[in-house]
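Chemist:
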Amino acid sequence: MSTETSPWEEHFGSRENQSHAAQLGMWIFLGSEVLLFTNLFVGYAVYRYYYPEVFVEASKHLETGWATVQTLLLVTSSLFVALAVHSIRQGKQFLTALVLLVAIGMGVGFLVIKGWEYWKHWTDGALPGAYYRLEDLPVRGGSLFFTLYFLLTGVHAVHMLVAMGLLGWLVWGAVAGKYTAEYHIPVEVGGLYWHLVDVFWLFIYPLLYLVE
Amino acid sequence: MNEVFRRILFLPEQASTIAKDVDSLHYVIITTAMVVATLVLGLSAYFIIRFRRRSETDVTPKIQTTLGWEVLFVGVPLTTFLAWFFIGFHDFIRMQTPPPDAMDVYVVGKQWMWQFTYPEGPNAIGVLRVPVGRPVRLLLTSRDVIHSFYVPAFRIKQDALPGAYTQTWFEVTKPGSYRVMCAEFCGLKHSEMWAEVVALSPEDYEAWMQEQRRGPVSRRDATPSAPEREESQKPARQAVRYDAQEPHGEVMYGERGTLAARGERVAAERGCLKCHTVDGTAHIGPTWLDLYGRRERLASGETVVADEAYLTESMMNPREQVVAGFEPVMPAFLGVLEAAEVAALVEYIKTLRSARLETIRSEGPVYEPIGGK
Amino acid sequence: MNPSAGSSQPEVTYLNHETTVGSWLLTRDHKRIGVMFLVLVILALLLGGVFAMVLRIELLTPGPTIISAMTYNRMFTLHGVTMVWLFMIPAIPSAFGNFVLPIMLGAKDVAFPRLNLASVYIYVAGAALTLFGMLWSGADTGWTFYTPYSTTSPTAVTPILMGVFVIGFSTIITGLNFITTVHTLRAPGMHWSRIPLFVWALYGTSVIQVVATPVLGMVLLLVFFERVLGVGIFDPSRGGDPVLFQHMFWFYSHPAVYIMVLPAMGVITEVVCAFSRKNIFGYKMIAVSTFGIAFVGFFSWGHHMFVSGQSTFGSGFFGVLSMLVAIFTAIKIFNWVATMYGGSIDLRVPLLYVLGFIFLLIFGGMTGVAVATTSLDVHWHDTYFIVAHFHYIMVGAVLMAFLAALHYWWPKMFGRVYPERWSFLSAITIIFGFIVTFLPQFLLGNLGMPRRYYQYPAEMQWLHVLSTAGASLLAFGFGLIAIYLLWSLRYGPESTPNPWGSRGYEWHSGSPPAPHNFTQAPRFEREVHDYTVPEAPRVY
Amino acid sequence: MAEKKKSTWGYVAVWIVLVVLTVLTWVLGTKVKPGPYSLPTSLGIAVVKTVLVAMFFMHLVEQRGARRVVLPISVLFLGLLLGVSLLEAMTRIRMARPDGIQEELEPKRPASTRTAPLGSDH
Ligand code: HEA
Ligand code: HEA
Ligand code: CUA
Ligand SMILES: [Cu+2]
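Protein chains in written order, with the UniProt record's numbering: chain A, 1 to 212; chain B, 1 to 373; chain C, 1 to 540; chain D, 1 to 122.
As structure tokens, this is what we get:
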């Protein structure tokens, strides 16, 4: 019961083992996240097969340029998170906090763009299912595209929020000096989560915005 | 032999061309299962007695497998299973592929009835009349949720999907009446969604069809065939009865709190359901299913949209706007129903929609008439 | 009583070192968590059993008997939901797995004890949400939640969906914990080739849990969104495809049947070895077939959809792969029987349940193979034949294995012995009652009795009456178990550390074990279940 | 976790590649428009980017054993569900409403309640 005082837990035997266990646990969790998104990709694939033309047309209603900016933002934020891990491994706590903050800032930027886009869809009536009011596309297929669009980006945005919360908590920990060159499991593991959320976007981006 | 097995296994009669083939495989698999289970149990029992514990300090040798045993353990069941699968799949493909000379019947499932439509008419609800000795292809669809068209005596079953068509086929071997049941859970009266297949001799069938197609009747609901008129009571048909006067048990859509739920109770208590149904069939009064928002043709020739105002008016003063085709027999409920009850009733009627799916336009790439690609 | 005398019980055990309520509710001890899960799943079994009895009583007559059609529809839905998600999926892994897995590996705890505790509360939260839905107005969709019925049903489907969704996370956490524990917390001497087969079974199960459960989570979420927000992803009037829902559902739910059966198979392996005093026959084959099931099990989900409008190609694909999964089970059955050969067999109650398990699993499994034979399934799909098939496996096999585990590990968990005669009586009642309940259902299915039917043709009545009679016997048997186990908790004679003389690794710790499982660090020097030497393992 | 003095520039290099690939995807998708190849190419690029992120940002290269195979396995199962469901949908026979009898089969709201008492004609 030494967990309150020291971050090392004795039932792991060695510190290296604890780190391995934490990493493995996180990877398994990431694996399950991949499968959480699976249904949406499957729905996308099947409906795109059913309604190919509608999907092409529907995709034109999206802001491809801004999505590219979003992609760049996420990719860059990933770099900063990787740098955070890099610097905490060398024990630089403030640098870590700083780069994490930058990454969070980029996440905020991403979500702002997303929110603006949602607002635009709202005014256009390009909404999912029952709310679909877009006139130039048929309901069959068209509404499905937007359903999938909102589900994919929405579930992704929720993950972004969680990941940003996680990074915020890491910033706080780093500032409070909880992480050192020896003990920084949370930073490593939290970073993994951020990268995974980034990876989802790497697929969502071409699938939704670059349909041809 | 076939008959013995069929009876032991309680299988229904084999009234279609595929039933015998399906059953033969059934017999083989079930017999094997029983034999294997008995052997294994017997072997275990033998081991338990032969190798029973003799002292608390017994030691036992470590016995490991050899390659031969492994191959045997894997090989024998695997070959058996695969052999069964291939025989079964061969039959399955046959069951999935209607022969080119099949006649078509369109089947629409809806909560909770089966409707059959012949090309060039007529329509029939609850009874599908087919000739013996001729393959019949069914094209199934549904108006609301998934149903499943199941005829035990033919060993066929096929889901009817909303928004899409599926197909199955059968060829009846002997005249008679066969029970059709809905096998996919579809709501309150799933267990009553029965119909029947009446297999007529080719001559009777031809005569019946001629009768149905004569003149303007062709689009109407089918009437019984000559053999049925002679000998009436049909057990399966009786089950396809939607009697709002004896609703068995509690009505659908929740019992608690909501306004609509209360409306439902009011409707039952005030006797509305004596004349109105909620499942789409007409009774003394028009059905309430999909009433809200419907364009009603009145006896006066005008049409009205059934909105809240119209609904209220119809309850308070029914003689004012009589729906075409109905007698003005509905009592006025002015002063009988409380305002809250009226509101609840209206709310209830609004919930009675046969799902959003009603608006579906079912379409697909191509319709392939049998025979030609 | 057995040769493990000499080794002594620990004075301080996980049960008596702290006894406040708080020390239970906030415990991170995997053993206490296991016990909490055990209590919870037994309550769920009781609840599901009550629903089952209501179903059976209603089916006594062809027409309405005690409840209305609406209530009946809710009952089988709640029965299915409770039994599958509240009882069977967590039953063996979360209760017994949590208790013995770390001990078997020689670890002090699972890798993430806090997450482990969280999984209890997540389960409780999910179960509470489900119960809330049940009380509110229940759901009438069947445990399969097929769209579009589930998206339009006016009953309280939504809270039940969300309850199951939440419980899913508990499952994922348990799986994640077990995998990590196996990888990182093995004691010295615990090579990969020595890992007990129960642990292998849990490992395979965990993989399925982690992979499949999120898929279920998302598909339930999709139905939720459709109900609450009308996003219409499966809505045919918007061009959606209801069959796609079935793919997503069964992609989870077929592997889920292996989530239920694999741990049961692990239990059987342990019990067969212990009571035959025999090394397992074909350790590798059993371990490999566990992973065979876990992997190939993911390829056969479409065998639930042979008549759903799925393509003929699809049916063939899923059908042939179902045959391949079946093989792995066959391998295990042969190995268990072969293990008994040349053993020193003591027919105790756990072994009796194992015999029931093997016999009923063959029946359930072979009828599974029969329904996987596409042409036969057309007649059987959604009839009582299917109901009988899965009850043969889930009740006849898995529930028997649960009872075997309960009796086998009862002294380990609570340090008490249960009364032998009563346990025999109830075991025989249960096995016999089971057969009387579910054998007639095969015949009903053949006759063409569809499932989820409130009313049925009168000529089928006598079979239903028989089935209800059997169910009453079953309920009586369970009641008996409940009574004598509760009695034994308090008045049962104290157990020795290793009452069965088993060589399973979990018996290296005391019965009940010390708070951190072992009083000294254990070393594993022999193969698991090595009975070539007369003395039992030493207790650390 | 004895980190061998690894330089920051490695990460930056990976990042540059990622940015270039992103821009490439965009150019391909909006300017070049390779038609039928657009889906495979854009997904191909996404996979390459994922591998880069996983290997270097997520330090998969440093990992051993089980930690290494988790992600590939989950992707495998994603592919399984996606591939098989899609294949099944593609092999289905899709039938449309047959000619001639639209009226009766069209699932639609009835235009009026003019339905007669049970048993008699329409
Ligand atoms: C724990 C639960 C469990 C398990 C383990 C299984 C195991 C199997 N199941 Fe079952 N199944 C269910 C639970 C389970 N099932 C449930 C709940 C449903 C219904 C769901 C619903 O619709 O509500 C269902 C439904 C179901 C269907 C769909 C039926 C339908 O709805 O139309 C099918 C079809 O193929 C099927 C097949 C199989 C097969 C092939 C196996 C195999 O894994 C079986 C393997 C075992 C053996 C094969 C026995 C051992 C073999 C031998 C001893 C060898 C004999 C030797 C020789 C022949 C030489 N199952
Ligand atoms: C693990 C799963 C499980 C278990 C254990 C059971 C157990 C039982 N089931 Fe059920 N069943 C399902 C899973 C299960 N079932 C599923 C998934 C469905 C499909 C639902 C659907 O269609 O959606 C179904 C459907 C189903 C039907 C079909 C309903 C229909 O289609 O209309 C029937 C009908 O007879 C039935 C009966 C029974 C009976 C009599 C038992 C009996 O074995 C129950 C006996 C148990 C008890 C009476 C409880 C006693 C317990 C205690 C006293 C607690 C103390 C215990 C200890 C200390 C050990 N079940
Ligand atoms: Cu229609 Cu069940
Ligand atoms: Cu299955």
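Note that the Cβ used here is the ideal one computed from N, Cα and C, for glycine as well.
Here the structure is a predicted model, which means the values were calculated and not measured.
Go ahead and label Ala176 of chain A buried or exposed: buried means 16 or more other beta carbons lie within 10 angstroms of its beta carbon, across all protein chains shown.
Modeler: It is exposed - the Cβ of Ala176 of chain A has fewer than 16 other Cβ atoms within 10 Å.
Chemist: Where does Arg277 of chain C fall in DSSP's three states?
Modeler: Arg277 of chain C: coil per DSSP, three-state reduction.
Chemist: Output the distance between the C-alpha atoms of Ala37 of chain B and Arg54 of chain B, rounded to the nearest integer angstrom.
Modeler: About 28 Å.
Chemist: Can Leu53 of chain C be considered in contact with ligand 2, in the sense that its beta carbon sits closer than 7 Å to one or more heavy atoms?
Modeler: The identity of residue 53 of chain C in the sequence shown is Met, whereas the question assumes Leu. Checking every heavy atom of ligand 2 against the Cβ of Met53 of chain C, one is found closer than 7 Å.
Chemist: Is the beta carbon of Ala282 of chain B sitting closer than 8 Å to the one on Tyr348 of chain B?
Modeler: Not closer than 8 Å, so no.
Chemist: Have a look at Tyr408 of chain C and Trp487 of chain C and give me their C-alpha separation to the nearest angstrom.
Modeler: Going by the C-alpha atoms only, they are around 17 Å apart.
Chemist: Could you name the residues of the same chain whose beta carbon sits closer than 8 Å to that of Leu30 of chain A, not counting the 5 residues immediately before and after it, in chain order?
Modeler: Leu192, Tyr193, Leu196.
Chemist: With DSSP run on the structure shown, which of helix, strand or coil describes Ile67 of chain C?
Modeler: It is coil, neither helix nor strand.
Chemist: Looking at the strands, I want to know which residues DSSP matches up with Tyr178 of chain B.
Modeler: DSSP output for Tyr178 of chain B lists B:Val197 as bridge partner(s).
Chemist: Could you spell out the range, first to last residue, of the beta strand (DSSP E) harbouring Val108 of chain B?
Modeler: That run of the beta strand (DSSP E) goes 103-110.
Chemist: At a cut-off of 7 Å, is Val257 of chain C close to ligand 4 when judged by its beta-carbon and the heavy atoms of the ligand?
Modeler: For ligand 4, at least one heavy atom lies less than 7 Å from the Cβ of Val257 of chain C.
Chemist: Is His389 of chain C near ligand 4, judged by its Cβ being under 7 Å from some heavy atom?
Modeler: It does not: the Cβ of His389 of chain C is nowhere closer than 7 Å to a heavy atom of ligand 4.
Chemist: If you reduce the DSSP assignment to three classes, tell me which class Trp169 of chain B lands in.
Modeler: If DSSP states are grouped into helix, strand and coil, Trp169 of chain B belongs with the strands.
Chemist: Where does Gln441 of chain C fall in DSSP's three states?
Modeler: Residue state, collapsed to three classes: helix.
Chemist: With burial defined as no fewer than 16 other Cβ atoms inside 10 Å of the residue's Cβ, what is the status of Leu216 of chain C: buried or exposed?
Modeler: With 16 or more Cβ atoms within 10 Å of its Cβ, Leu216 of chain C is classed as buried.
Chemist: Between the Cα of Phe145 of chain C and those of C:Phe313, C:Val199, C:Trp250, C:Gly168, spot the shortest distance and give me the residue it belongs to.
Modeler: Nearest option by C-alpha distance: C:Trp250.
Chemist: Just the C-alpha distance for Leu108 of chain A and Gly230 of chain C, rounded to the nearest angstrom, thanks.
Modeler: The sequence as given places Val at residue 108 of chain A; Leu does not occur at that position. About 29 Å.
Chemist: Going along the chain, which residues of its own chain have a beta-carbon closer than 8 Å to the beta-carbon of Thr19 of chain C, five neighbours each way excluded?
Modeler: Excluding residues within five positions, none has a Cβ falling inside 8 Å.
Chemist: Which of the three DSSP states, helix, strand or coil, is assigned to Ser311 of chain C?
Modeler: Here Ser311 of chain C sits in coil by DSSP.
Chemist: Select from the segment 337-362 of chain C all residues with a C-beta closer than 7 Å to any C-beta belonging to chain B, and list them in chain order.
Modeler: The segment 337-362 of chain C vs chain B, Cβ under 7 Å: Val337, Met340, Tyr341, Gly342, Gly343, Ser344, Ile345, Asp346, Leu347, Leu355, Ile358, Phe359, Ile362.
Chemist: What's the C-alpha gap between Leu222 of chain C and Ile233 of chain C?
Modeler: Rounded to whole angstroms, Leu222 of chain C to Ile233 of chain C spans 7 Å at the Cα level.
Chemist: Please state whether DSSP places His248 of chain B in a helix, a strand or coil.
Modeler: Reliability fails at His248 of chain B, whose pLDDT of 32 lies under 50, so the model's placement of it is uncertain and the value that follows must be treated cautiously. Note: His248 of chain B maps to coil in three-state DSSP.
Chemist: Under 7 Å between beta-carbons, which chain A residues line up against Met58 of chain D? List them in chain order, please.
Modeler: Leu192, His195, listed in chain order.
Chemist: Short check: CB of Gly297 of chain C to CB of Ser315 of chain C, under 8 Å?
Modeler: Not a contact, by the Cβ cut-off of 8 Å.
Chemist: From the DSSP output, read off the bridge partner residues of Lys157 of chain B.
Modeler: Answer by DSSP bridge pairing, in chain order: B:Tyr150.
Chemist: Per DSSP, Phe116 of chain B is paired with what?
Modeler: Per DSSP, B:Val107, B:Ala124.
Chemist: Residues in its own chain within less than 6 Å of Tyr310 of chain B by CB, not counting five upstream and five downstream?
Modeler: Counting only Cβ-Cβ distances below 6 Å, and skipping sequence neighbours, we find Val304.
Chemist: So which of B:Ile48, B:Phe10, B:Asn2, B:Thr166 has the shortest CA-CA distance to residue 543 of chain C?
Modeler: A question about residue 543 of chain C goes unanswered here, because the residues of chain C that appear run from 1 up to 540.
Chemist: Output the distance between the C-alpha atoms of Pro100 of chain B and Pro52 of chain A, rounded to the nearest integer angstrom.
Modeler: Looking at the two C-alpha atoms, the distance is approximately 32 Å.
Chemist: By how many angstroms is the C-alpha of Tyr165 of chain B removed from the C-alpha of Leu36 of chain A?
Modeler: Using only the alpha carbons, I get a separation of about 31 Å.
Chemist: With a threshold of 7 Å, establish whether the CB of Gly109 of chain B neighbours any heavy atom of ligand 3.
Modeler: Yes - ligand 3 has a heavy atom lying nearer than 7 Å to the Cβ of Gly109 of chain B.
Chemist: Quick test of your reading: Phe41 of chain A and Leu74 of chain A, contact by CB under 8 Å. State the CB separation rounded to the nearest angstrom.
Modeler: About 18 Å; that fails the 8 Å criterion.
Chemist: When you compare each of B:Ser148, B:Arg50, B:Arg134 to Val307 of chain C by their alpha carbons, which one comes out closest?
Modeler: Nearest of B:Ser148, B:Arg50, B:Arg134 to Val307 of chain C, Cα basis: B:Ser148.
Chemist: Any C-beta of chain A sitting closer than 8 Å to the C-beta of Leu18 of chain D?
Modeler: At least one chain A Cβ lies under 8 Å of Leu18 of chain D.
Chemist: Mind listing the chain D neighbours of Gln23 of chain A? Cutoff is C-beta to C-beta under 8 Å, in chain order.
Modeler: Near Gln23 of chain A (Cβ distances below 8 Å), the residues of chain D are Gln63, Arg67.
Chemist: In the DSSP output, which residue or residues are listed as bridge partners for Ala370 of chain C?
Modeler: Answer is none; Ala370 of chain C lacks a bridge partner.
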